[in-house]
Each structure stands twice: as structure tokens, then as C-alpha cells.
Amino acid sequence: MRRAKTRTRPLDIYKRMPILRKQDELPIDAETVDSAVVRIGIVDLPVPEVSAVDTYEEETKGGFKPPRPYIRHKPGTQIRSLTCEYEADHDDEAWLKTHAKFGTGNDSATRLSLDLFERVMDALEQEAGRTDSMPTLTEASRVVAERTGLKRTGANSTLDDVYTYWRRKRERLKKPLLRRFWPPTSENNADPHATFRQRTKERYRLRRTRRSDDMASYRKLADVRQTLARAMALLDMVHTREQAKLELARIAVDSFEQAVFEATDTTGTTRTPPVLQTRRFERTAAEH
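Every letter in the sequence shown is one number past the one before it in UniProt numbering, and letter 61, counting from 1, is 61.
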């Protein structure tokens with residue numbers, strides 16, 4: 001819908017100003033005001049009568065019998081992994097594979113899984129971020145045992161090696177491993193990749209000189225564009241990974257609901273999982 005354009009005209013000092021001398025000249029405005037008044041009446045809402053039925057217990061007899069044992073739900077490893085903020089990188093995976101004690105070439109009983117390694121590293125980072133200091137080996141063993149169930153059995157246990165690796169990696173990077181524990185970026189830092197800095201009040205000048213379009217500025221913008229393209233690719237891969245984790249969590253929840261349905265249902269009907277219902281609806285919508 002296009003809006004009507006109005007053309008500005010200069011003031012005419014010789015044009016007479018219209019003056020209202022009688023009220024009868026505007027009868028339409030009075031009718032408009034009277035019609036705008038909304039009369040509010042009392043709304044009568046019908047209320048049904050409620051009465052007690054004496055034969056209700058005889059006519060509606062329940063045939064459900066509760067089972068003897070309680071239904072206990074044990075969350076799987078997929079749901080527990082969703083609460084872990086630490087993600088292992090290539091250095092962590094290489095260290096796990098080449099470790100002399102619990103690497104891939106050793107026995108499966110002494111091998112350390114990647115999921116347990118991430119949860120141990122996450123517990124150490126959470127404790128260091130909470131206390132704002134490096135925890136000792138005794139404190140780390142207590143925190144890891146509470147959050148992951150991995151206990152320290154001897155002097156050369158798995159926790160000692162992971163703790164030493166975590167401490168050396170943190171000292172080498174000179175910052176926490178989790179992003180939310182990083183300190184804010186300094187205002188004097190000119191690195192364009194150092195984001196999440198504090199907002200500063202800009203001082204605008206009255207006149208700004210136009211910058212010359214040189215080759216150095218073009219190269220900087222090209223580097224920034226390539227960096228943003230790589231960041232978009234990484235975000236797409238992270239999105240795909242999180243979607244896969246969400247599907248695993250939904251499957252674990254659906255299996256628990258199926259177990260509850262089989263233990264409590266007495267009608268003999270077949271339950272359709274919500275995952276199949278959603279996929280069937282999407283396939284029907286795609287065909288139409």
C-alpha cells in the first residue's frame with residue numbers, strides 16, 4: 001500500500017484563516033462522538049448444576065493393578081553427556097590414543113573413554129572457575145568422585161594422569177579451558193578476533209576525514225571475511241552435532257516411556273512412539 005505524498009507549500013500571508021462561529025456547522029462530528037461510546041452490559045454466564053451420583057463407584061470400576069516393584073528410570077550416557085560443557089579437541093584425542101597406560105593399544109579394562117575424559121575435565125574446570133584458583137590433587141579427586149564417580153585408587157591412578165595433563169594444558173594456554181571463565185578483553189587490545197569486550201563510549205568528532213581506499217585495508221577485510229567463513233562452517237558442524245545429541249536424548253526418553261507403557265497398560269493396544277509420529281507427519285506433508 002503506497003502512502004500519499006504531500007507537497008510542502010510556502011505560507012500564503014494573503015489567504016484568509018477559516019474561523020468557526022457556530023456549533024451547528026459540524027453535526028457530523030457530534031454523531032461520530034455519540035457512536036463511539038460503547039455501552040457495556042452485564043454478561044450472563046450459565047453455570048451448570050453439580051450433583052453427586054451414588055452409583056458412580058459401581059458403574060466405573062477401575063481394573064488397573066499397580067505392579068509390585070517401583071519403576072526406576074536410569075538415565076543413559078547420552079543424557080549425562082548433554083550436561084558436560086567441555087568438548088575434547090584434537091590434542092586431547094591424540095593424548096588419549098597415545099597414552100601408555102589407557103590408550104587404544106592397551107586392555108579395554110584400563111582404557112579411558114572419551115566421554116569420561118570430558119566429564120573429568122569439565123569437573124576440574126568447574127571447580128577451578130568456582131574457586132578462582134587451581135585445586136590441589138586431593139581437592140580434585142574429591143570433586144571428580146562426586147561428579148563422575150571416578151575414584152583415586154592408588155598413586156598412579158587414572159585421575160593423577162588426567163589431572164597432570166589438565167594442569168599442563170591450562171598453564172600452556174594461560175587461560176581457562178571453558179569460554180565462560182575467560183576474563184573480559186581489554187579495551188586497549190587491537191586484535192579484531194578478541195571479541196566480547198566491554199562497551200566503551202565513543203567520542204564523535206564534528207568533522208571526519210575520509211579514509212583512503214588502500215590495498216592494506218582491502219587485505220584486512222579479505223582476512224576477516226575468510227575468518228567469518230570458517231566460523232560459519234564450524235557453527236554448522238556444531239549445530240549438526242547438537243542435533244544428533246538431541247536425537248539420542250529423545251530416543252532414551254522414548255524408551256523409558258515405552259517401558260512405563262508396557263508396565264502400566266492393560267488394554268493390549270500398541271503404542272506409537274512420538275518420534276515415528278513426527279516423521280510420519282513430515283513425510284505426509286512432503287508428499288502433499
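Where is the CB? At the ideal position from N, CA and C, for every residue including glycine.
| task | Please confirm if the region 171-185 is in contact with the region 124-134, defined as three or more CB-CB distances below 8 Å between the two stretches. | result | yes
| task | Determine the direct distance from the alpha carbon of Ala-252 to that of Leu-246, and round the result to whole angstroms. | result | 10 Å
| said: Which complete alpha helix (DSSP H) runs does the region 156-192 hold, if anything under 4 residues is left out? | reply: Counting only runs of 4 or more, we get 158-173.
| query | Under the rule that 16 or more other beta-carbon atoms within 10 Å means buried, what is residue 324, buried or exposed? | reply | As shown, the chain starts at 1 and ends at 288. That puts residue 324 outside it, with no answer to give.
| task | Give the DSSP-derived three-state secondary structure of Arg-197 in the structure shown. | result | strand
| field | DSSP three-state assignment for His-73, whether helix, strand or coil | value | coil
| request: Can you say whether Phe-281 is buried or exposed, counting buried as having 16 or more other CB atoms within 10 angstroms of its CB? | output: Note that Phe-281 scores a pLDDT of 48, beneath 50, so its modelled location is shaky; the value from the coordinates is reported in the next line. Per the 10 Å Cβ criterion, exposed.
| said: Tell me the rounded alpha-carbon separation between Val-238 and Gly-62. | reply: 50 Å
| message | Spatial neighbours of Gly-129 within its chain, please: C-beta separation below 7 Å, excluding the five flanking residues on both sides. | response | Pro-176, Leu-178, Phe-181
| query | Going by other Cβ atoms of all chains shown within 10 Å of its Cβ, with 16 needed for buried, is Val-144 buried or exposed? | reply | With 16 or more other Cβ atoms within 10 Å, it is buried.
| task | Can you grab the Cα-Cα spacing for the pair Ala-140 / Glu-87, in whole Å? | result | Spanning the alpha carbons of Ala-140 and Glu-87 requires a straight line of approximately 19 Å.
| message | Please classify Phe-64 as buried or exposed, where buried requires at least 16 other C-beta atoms within 10 Å of its C-beta. | response | exposed
| said: Among Met-121, Ala-94, Pro-135, Arg-168, whose alpha-carbon lies nearest the alpha-carbon of Thr-83? | reply: Selected option, being the one with the closest Cα: Met-121.
| query | Distance, Cα to Cα, residue 302 vs Glu-59? | reply | Residue 302 lies beyond the range of the chain shown here (1 to 288); nothing can be said about it.
| Phe-256, enclosing alpha helix (DSSP H) - first and last residue | 215-264
| query | Quick one: Cα of Asp-236 to Cα of Arg-147, how far? | reply | Cα to Cα, Asp-236 sits roughly 31 Å from Arg-147.
| Quick one: what does DSSP say Ser-81 is sitting in, helix, strand or coil? | Confidence at Ser-81 is low in this model, with a pLDDT of 46, below 50, so its placement is unreliable and the value that follows should be read with caution. If DSSP states are grouped into helix, strand and coil, Ser-81 belongs with the helices.
| said: For the alpha helix (DSSP H) containing His-90, name the first residue and the last one. | reply: 90-97
| request: Can you have a look at Thr-158 and say buried or exposed, based on whether 16 or more other CB atoms are within 10 angstroms of its CB? | output: Burial is judged here by how many other beta carbons sit within 10 angstroms of a residue's own beta carbon; Thr-158 has at least 16 and is buried.
| message | Out of Glu-85, Lys-169, Ser-133, Arg-172, which one is the CA nearest neighbour of Glu-242? | response | Glu-85
| task | Leaving aside the five residues before and after Tyr-56 along the sequence, list all residues of the same chain whose C-beta is less than 8 Å from its C-beta, in chain order. | result | In its own chain, leaving out the 5 sequence neighbours on each side, no residue places its CB closer than 8 Å to the CB of Tyr-56.
| task | Count the other CB atoms, across all protein chains shown, that sit within 10 Å of the CB of Pro-18; report buried if there are 16 or more and exposed otherwise. | result | exposed
| Contact set for Lys-151: own chain, Cβ-Cβ below 6 Å, skip 5 residues either direction | Ala-145
| message | Could you give the first and the last residue of the continuous alpha helix (DSSP H) run that contains Ser-51? | response | Premise fails: Ser-51 is in no alpha helix (DSSP H) and is neither H nor E.
| query | Among Ser-113, Ser-255, Leu-114, Arg-167, which residue has its Cα nearest to the Cα of Thr-136? | reply | Arg-167
| Alpha-carbon spacing of Arg-170 relative to Lys-220, whole angstroms | 31 Å
| query | Does the separation of the CB atoms of Pro-67 and Ala-263 fall below 8 Å? | reply | Between Pro-67 and Ala-263, the C-beta gap is smaller than 8 Å, which places the two residues in contact.
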